[in-house]
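Student: Have a look at this one before I ask anything.
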Amino acid sequence: MEREPEAAPALDKRKKAAVISVVVLVGFGLGFGAAHLVARYIAYWDIVSGPFFLSLRVASAAIVIAGVTGVASGYVLAKGHFPGRDVLETIGSLPIILPPTVVGYYLLEVLSPGTQVGGFLTRVTGHVFVYNASGCIIAAAVAAYPFCLRAARSAIAGVDPALEQAARTMGLPNWRVASQVTLPLARRGIAAGLTIGCARALGEYGATLMIGGDINGRTRTLSLAILDSFTTPERDTMLLILVLMAVIAMTGVGLLGRSRA
Amino acid sequence: MTAALELAVARQIGEFNLDVALTVESGMSVLFGPSGAGKSLTLALIAGLIRPDSGTITINGHVVTDCARRTYVSTQKRRIGMVFQDGLLLPHRSVIDNVALAVRQTRGRRARRAVARSWLERVGAEGLADRRPGSLSGGQRQRVALARGLAGDPALVLLDEPLSALDAEVRRELRKLIRGVIISSSVPAVLVTHDAEEAEELGDVIIGYNRGRVTGARVVDRPVCPGPASGAPESTGRA
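As they're listed, the protein sequences go chains A and B.
1 is the number of the first residue of the first sequence in the numbering used here; add one for each residue after it.
262 is the number of the first residue of the second sequence in the numbering used here; add one for each residue after it.
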C-alpha cells in the first residue's frame, strides 16, 4: 500500500474555531454588559438601548433579505450564460456607487404611498414601507445587497467546474450540485460578503434617514442616534459605548486573525 | 446481446476534428493513443459533459444522444460512473460522504453510507472513510475515486487516465486493483490511457486512437480470462 501522508487535524481546527467563537461571543457579551452597566449608571441606557436593539433587528432582517437575494443572483450571474450579465451586475452594484442619500431618494420615490409604484405596493400588501422599521430594513438590505452579490458571484465563479461535473456524473441533480457542491465550496467568499454586508447594514445612515426619517422609538437606528447624541448631553456616554464596542470588535478580529495564522 | 456502449459521433473543437465510431460489449475496453488523439474528449461525450456536433450514443440499449432527433439525456440520467485523472473528490466532504453521494440505488443517509462503506472495503480504503480528500495520497485518492465511480450501480464506468498522475510503484499496484474490481463487479468499463503497458495489462480490448480517429481494435490475448460472464469481450472500433 502506498505511503500515507499525515492526516489533517481537521477536528483540532474545528475545536479551535469553536473555542474562539465562544470566547468572542462571551467577550462581546461581557463587553456589552459592561457598557450596559456604565450606561445605566449614568442613566442614559434608555436613550441608547432603543436604537441599539432596533439596529440589531434591522441589520438581522436586512442581511437575511440581502443574503438570500444576493447569493441567488450571484449564482445566476456566475453560472448563467446570457447577454447583459455585466449590465445586471452593474445595476446590482449601484448602491455602492451612488451616494446613500441618492439611494434613499430613489427608494422614497419607489416606496412612498404618494407615488404610482409605492401606491400600488401599499394597496397590494396593505403595508406602508416608509417612516417605519420596514423602511429601515429595506434601506439596509439595499445597502448590503451589492456586497453579498459581488462576493457570492466571485466565490461561486471560483469553484472548480470540474468538481461540479464530477458531481453530475454521480447522478446529482443540478439543485443538489448547487447546494452540496458549489455553495459549500464557495462558503468562505460568501461568508465574507455577508459579513461586510452585515456591517454595512448595521452602519447604514443616509438611505435610512431618507426613507425612515429619524423618529425616536420607531426608526432611530444606532447610526442615527450616534449623530443625534453629539448635539445632546449624552455625547460622552455614547462615546464611551462606541469606544467599548470598538475595542471588543478589534479584540474579536485580532483573536480570529491569530487563529488563522 | 445489447451492447454496453455504441457510439458514432463527430465533434469539431477549433482545428481538432473528432470523428469516431466504436462498440463496447463487456469487460474493460481501453482507448489507447497519444495525447491529443481525442480519447478524453470521447469520454466527455459519452458522459454528456460535452455535446457532439453530430451522431448517436447508446448506453445499455438506451439512446442518450441523437443529434438528428435532438435527443440529449443529461449527464445525471446516463447512469455512468466516472473516475477522473486527479480523482476530483469533493474536498469539503469526508471520503465516505464522497462515495455515499454517488449511491443512487438506496435512499436514506445510513443506507447510502453502508453501500459506500462496502465499496471502500472492496478497494482497500475502508480505513480512510472519515478522512478528508486533502489528507490522502494520490493512490488513496484514486482508490476512493474508483469506489465512488462504482458505488452508483452504473451501467458503464469511464476511467479517464486514472493512473497517469501516480508514481510507478503505485500504478502497478492500482492496475491490479482496478482490473480486479471492475471485472468482479461485471460493469463494462472504458479506460483511457497513453501508456502501452497499462493498456495491455488492463484491457480486454484495445481500441487505437490517433488524431481524432479510431485506428483499429484488437482483443488482448489472456491465458485465463477472469472476467465477463458472457465470455470473451466483443468490443470493436471502426475506423
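All C-beta atoms, glycine included, are put in the ideal place defined by N, C-alpha and C.
Along chain B, in chain order, which residues have C-beta atoms closer than 8 Å to that of Thr90/A?
Tutor: Simply none; closest approach about 32 Å.
Student: Would you kindly work out how many angstroms separate the C-alpha atoms of Val26/A and Gly158/A, rounded to a whole number?
Tutor: The straight-line gap from Cα to Cα measures roughly 35 Å.
Student: Against chain A, does Ser301/B count as a neighbour if the rule is that its beta carbon must be under 9 Å from one of theirs?
Tutor: Ser301/B does not count as touching chain A.
Student: Taking the beta carbon of Leu262/A as the centre, do at least 16 other beta carbons fall within 10 Å, making it buried, or is it exposed?
Tutor: No information on residue 262/A is available, as it lies outside the stretch 1 to 261 that chain A covers here.
Student: Identify, in the order they occur along the chain, each residue of the same chain with its Cβ nearer than 7 Å to the Cβ of Phe52/A, setting aside the five sequence neighbours on each side.
Tutor: Same-chain partners within the cutoff: Leu222.
Student: Closest Cβ-Cβ distance between Lys437/B and chain A: below 9 Å?
Tutor: No, its Cβ sits nowhere closer than 9 Å to a Cβ of chain A.
Student: Taking CB distances under 9 Å as the criterion, tell me whether Thr326/B reaches chain A.
Tutor: Not closer than 9 Å to any Cβ of chain A, the Cβ of Thr326/B fails to qualify, so no.
Student: I need the straight-line Cα distance from Gln165/A to Ala375/B, nearest angstrom please.
Tutor: Going by the C-alpha atoms only, they are around 25 Å apart.
Student: In the structure shown, what three-state DSSP assignment does Ile52/A receive?
Tutor: Residue identity differs from the one stated: residue 52/A is Phe in this sequence, not Ile. If DSSP states are grouped into helix, strand and coil, Phe52/A belongs with the helices.
Student: Applying the 10 Å Cβ sphere with the 16-neighbour rule, what's the burial state of Leu424/B?
Tutor: Buried is the call here.
Student: Check whether the segment 181–197 of chain A touches the segment 68–83 of chain A, counting contact only when three or more Cβ pairs, one atom from each stretch, lie closer than 8 Å.
Tutor: Taking 8 Å as the limit for Cβ pairs, the verdict is that the segment 68–83 of chain A does touch the segment 181–197 of chain A.
Student: Could one say the Cβ of Thr319/B lies closer than 9 Å to chain A's Cβ atoms, at least one of them?
Tutor: No, Thr319/B does not count as interfacial toward chain A.
Student: Within 10 Å of its beta-carbon, does Gly275/B have 16 or more other beta-carbons around it, so buried, or fewer, so exposed?
Tutor: Gly275/B is exposed by the Cβ-count criterion.
Student: Looking at the secondary structure, which residues open and close the alpha helix (DSSP H) in which Thr125/A lies?
Tutor: It spans Gln116 to Thr125 - the alpha helix (DSSP H) in which Thr125/A sits, taken as one unbroken run.
Student: Output yes if chain A places a C-beta closer than 9 Å to the C-beta of Ile274/B; else output no.
Tutor: Judged by the 9 Å Cβ criterion, Ile274/B is not in contact with chain A.
Student: When burial is assigned at 16 or more other CB atoms within 10 Å of the CB, is Met289/B buried or exposed?
Tutor: So Met289/B ends up on the buried side.
Student: How close, in whole Å, do the beta carbons of Val360/B and Pro394/B come, if the pair is a contact with beta carbons under 8 Å?
Tutor: Rounded, the Cβ-Cβ distance is 11 Å, inconsistent with contact.
Student: Quick one: what's got a C-beta closer than 6 Å to Val431/B's C-beta in the same chain, skipping five residues either side?
Tutor: Taken in chain order, the residues that qualify are Gly400.
Student: If we count Cβ pairs, one from each stretch, closer than 8 Å, do we get three or more for the segment 138–149 of chain A versus the segment 245–253 of chain A?
Tutor: At 8 Å Cβ cutoff, the stretches do not touch.
Student: What does a CB cutoff of less than 6 Å around Ile137/A pick up in its chain, not counting 5 residues either side in sequence?
Tutor: These residues qualify, in order along the chain: Val58, Ala61 and Ala62.
Student: Take Leu268/B as the anchor and find which of Thr284/B, Leu279/B and Phe277/B has the nearest alpha-carbon.
Tutor: The shortest C-alpha separation from Leu268/B is found at Thr284/B.
Student: Can the beta-carbon of Leu397/B be found closer than 9 Å to that of Val442/B?
Tutor: Result no, Cβ atoms of Leu397/B and Val442/B do not sit closer than 9 Å.
Student: In angstroms, rounded to a whole number, what distance separates the CA positions of Thr263/B and Leu149/A?
Tutor: Approximately 50 Å between the Cα atoms of the pair.
Student: Hey, does Val181/A have any beta-carbon neighbour from chain B nearer than 9 Å?
Tutor: Answer yes: the Cβ-Cβ gap between Val181/A and chain B drops below 9 Å somewhere.
Student: Could you pull out every residue in the same chain whose Cβ sits closer than 6 Å to the Cβ of Leu351/B, ignoring the five residues on either side in sequence?
Tutor: If we look at Leu351/B and ignore the five residues flanking it on each side, its Cβ neighbours are Asn359.
Student: Cα separation between Val334/B and Val481/B?
Tutor: Between Val334/B and Val481/B, the C-alpha separation is close to 33 Å.
Student: Candidates Ile341/B, Ser301/B and Arg433/B: which alpha carbon is nearest Leu172/A's?
Tutor: Per the Cα distances, Ile341/B.
Student: Got a sec, what are the start and stop residues for the alpha helix (DSSP H) Asp414/B sits in?
Tutor: Looking at the DSSP string, Asp414/B is not in any alpha helix (DSSP H), and its letter there is neither H nor E.
Student: Since I believe Asn471/B is in contact with Ala363/B (beta carbons under 8 Å), could you give me their beta-carbon distance rounded to a whole number of angstroms?
Tutor: Incorrect: roughly 33 Å between the Cβ atoms, too far for contact.
Student: Taking the Cβ atom as the reference point for each residue, do Val418/B and Pro449/B lie within a distance shorter than 9 Å?
Tutor: Going by C-beta atoms, Val418/B is nearer than 9 Å to Pro449/B.
Student: Excluding the 5 residues flanking Arg272/B on each side, which residues of the same chain have their C-beta closer than 6 Å to its C-beta?
Tutor: Excluding residues within five positions, the ones whose Cβ falls inside 6 Å are Leu279, Pro313 and Asp314.
Student: Are any of the Cβ atoms in chain B nearer than 9 Å to that of Arg14/A?
Tutor: By this cut-off, Arg14/A is not an interface position.
Student: What residue range is occupied by the uninterrupted alpha helix (DSSP H) comprising Asn174/A?
Tutor: It spans Asn174 to Val177 - the alpha helix (DSSP H) in which Asn174/A sits, taken as one unbroken run.
Student: Based on DSSP bridge pairs, tell me the residues matched to Asn471/B.
Tutor: Answer is Arg474/B, bridged to Asn471/B.
Student: Give the single residue among Ala18/A, Val24/A and Arg14/A whose Cα lies nearest to the Cα of Val253/A.
Tutor: Cα-wise, what sits closest to Val253/A is Val24/A.
Student: Please name the residues in the segment 170–196 of chain A whose beta-carbon is closer than 9 Å to at least one beta-carbon of chain B, in chain order.
Tutor: Here the close residues are Met170, Gly171, Leu172, Pro173, Asn174, Arg176, Val177, Gln180, Val181, Pro184, Leu185 and Arg187.
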